[in-house]
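Residue numbers (the working numbering): 513 to 778.
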């Protein structure tokens, strides 16, 4: 009996260690994010919120102790105080998803694509475009759940990293099929930290009138990697993120990579 109990405890310890290791692989945030090297406002061109003014006056310094008012003659008339001006209304701030830099980048690329020369997009500009595109796909163009974006472009592939706050995704406003994705992502997120690290690695390809990623592309969640095609085919995920985009819907026909740049051509 004692040996059986010891064996059971050993199995439980092994299971607990395995569970901790497996979940810790998902509950991972990259060093660049934890050290604050990139933020949503820095990496995505989102304007930081400015606290709305409340119209209050600055505090005055009052002397310590009781203050004795000066003698006022009985006949002295108290002048009528002028009417106070109406309190200034608080300034209406743009939503946090305002991305003026991203809009400028898209406008610049659109103008250049109307010409005949290839258009180069840097990693920083790609960050802005990704943030803007995700916001435009969401109801109300609300992308508060997207905490940061960081990309790097090499000659063989693009690495696109994102930090997503799963609890801030407006699931109730998404198609009902997307609830399956909600179940998956919320289970992967930590109960103490709803921020989830995601990284897409691969080479963009344009073939058969479709724009997508090559077959070797992967998606990493925490420290766990999956084939990108497999992930995008999951029920719920395929309702949010398309695996391919028709080339006829974009103003370019070719896509290639240079060190530090994504190159779009006619």
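Glycine is no exception: its CB is placed at the ideal position from the N, C-alpha and C atoms.
The model shown is predicted, which means the values in this text are computed figures rather than measured ones.
>> By DSSP's criteria, residue 547 is part of a beta bridge. Which residues make up the other side?
In response: By 1-based counting over the chain shown, the position of residue 547 is 35. Partner(s): none; residue 547 has no beta bridge.
>> What does the Cβ neighbour count give for residue 663, buried or exposed, with the cut at 16 atoms within 10 Å?
In response: Your numbering for residue 663 matches position 151 in the chain shown. Flag for residue 663 reads buried.
> How about residue 673 and residue 735: are their beta carbons less than 8 Å apart?
Replying inline: Numbered from 1 along the chain shown, position 161 holds the residue referred to as residue 673. Numbered from 1 along the chain shown, position 223 holds the residue referred to as residue 735. No, the Cβ-Cβ distance between residue 673 and residue 735 is not below 8 Å.
>> In the DSSP output, what is residue 768 paired with across the bridge?
In response: Your numbering for residue 768 matches position 256 in the chain shown. Per DSSP, 775.
> Candidates 545, 738, 543, 771: which alpha carbon is nearest residue 666's?
Replying inline: For the purposes of this step, residue 666 is taken as the residue at position 154 of the chain shown. Comparing Cα-Cα distances from residue 666 to each of 545, 738, 543, 771, the minimum goes to 771.
> What's the gap between the Cα of residue 643 and the Cα of residue 757?
Replying inline: Along the chain shown, one-based indexing puts residue 643 at 131. Along the chain shown, one-based indexing puts residue 757 at 245. Rounded to whole angstroms, residue 643 to residue 757 spans 18 Å at the Cα level.
> Do you know offhand how far residue 623's Cα is from residue 724's?
Replying inline: Working through the chain shown from its first residue, we reach residue 623 at position 111. Working through the chain shown from its first residue, we reach residue 724 at position 212. Distance between the alpha carbons of residue 623 and residue 724 is about 23 Å.
> Below 8 Å between beta carbons: does that hold for residue 669 and residue 714?
Replying inline: Within the chain shown, numbered from 1, the residue matching residue 669 stands at position 157. Within the chain shown, numbered from 1, the residue matching residue 714 stands at position 202. Residue 669 is a Cβ neighbour of residue 714, given a cutoff of 8 Å.
> Just the Cα atoms here: how many angstroms apart are residue 777 and residue 727?
Replying inline: Sequence index remark: in the chain shown, residue 777 carries index 265 (1-based). Sequence index remark: in the chain shown, residue 727 carries index 215 (1-based). In a straight line, the C-alpha of residue 777 is about 22 Å away from that of residue 727.
> Which runs of the alpha helix (DSSP H) fall wholly inside the stretch 602-666 and span at least 4 residues, in chain order?
Replying inline: List check, alpha helix (DSSP H) in window: 612-625, 635-649.
>> In this structure, how does DSSP classify residue 669 when only helix, strand and coil are distinguished?
In response: For the purposes of this step, residue 669 is taken as residue 157 along the chain shown, with counting starting at 1. Note: residue 669 maps to coil in three-state DSSP.
> With 16 other CB atoms within 10 Å as the buried threshold, where does residue 745 fall?
Replying inline: Here residue 745 is taken as the residue at index 233 of the chain shown, counted from 1. Note on residue 745: under 16 other CB atoms within 10 angstroms of its CB, so exposed under the neighbour-count rule.
> Distance, Cα to Cα, residue 769 vs residue 671?
Replying inline: What you label residue 769 is simply residue 257 of the chain shown in a count that begins at 1. What you label residue 671 is simply residue 159 of the chain shown in a count that begins at 1. C-alpha separation (whole angstroms): 12 Å.
> Roughly how far, in whole angstroms, is the beta-carbon of residue 631 from the beta-carbon of residue 646, given that I think they are within contact range, below 8 Å?
Replying inline: Your numbering for residue 631 matches position 119 in the chain shown. Your numbering for residue 646 matches position 134 in the chain shown. A Cβ-Cβ separation of about 21 Å leaves residue 631 out of contact with residue 646 under the 8 Å criterion.
>> Give me the DSSP bridge partner(s) of residue 718.
In response: By 1-based counting over the chain shown, the position of residue 718 is 206. For residue 718, which the question treats as bridged, DSSP gives the partners 723.
>> Give me the residue from 540, 629, 767 with the minimum Cα distance to residue 717.
In response: Position 205 of the chain shown, counting from 1, holds the residue named residue 717. Of the candidates 540, 629, 767, the one whose C-alpha sits nearest the C-alpha of residue 717 is 767.
> From residue 619 to residue 763, what distance separates their C-alpha atoms?
Replying inline: Counting from one through the chain shown, the residue named residue 619 turns up at place 107. Counting from one through the chain shown, the residue named residue 763 turns up at place 251. Roughly 13 Å separates the two Cα atoms.
>> Let me make sure I understand the geometry here. Which of 774, 706, 719, 686 has the alpha-carbon closest to that of residue 539?
In response: Working through the chain shown from its first residue, we reach residue 539 at position 27. Among 774, 706, 719, 686, the Cα nearest to that of residue 539 is on 706.
> Ends of the beta strand (DSSP E) at residue 737?
Replying inline: Residue mapping note: residue 737 aligns to position 225 of the chain shown, counting from 1. Residues 736-739.
>> Using the three-state DSSP reduction, which class does residue 761 fall into: helix, strand or coil?
In response: Mapped onto the chain shown, residue 761 falls at position 249. Note: residue 761 maps to helix in three-state DSSP.
> Would residue 626 be called buried (16 or more neighbouring beta carbons within 10 Å of its own) or exposed?
Replying inline: Position 114 of the chain shown, counted from the first residue, corresponds to residue 626. Exposed, because fewer than 16 other Cβ atoms sit within 10 Å of the Cβ of residue 626.
> What separation, rounded to the nearest whole angstrom, lies between the Cα atoms of residue 740 and residue 755?
Replying inline: Position 228 of the chain shown, counting from 1, holds the residue named residue 740. Position 243 of the chain shown, counting from 1, holds the residue named residue 755. One Cα belongs to residue 740, the other to residue 755, and the distance between them is close to 9 Å.
> Among 628, 634, 722, which has the Cα closest to the Cα of residue 759?
Replying inline: Within the chain shown, numbered from 1, the residue matching residue 759 stands at position 247. Closest option to residue 759, judged by alpha-carbon separation, among 628, 634, 722: 722.
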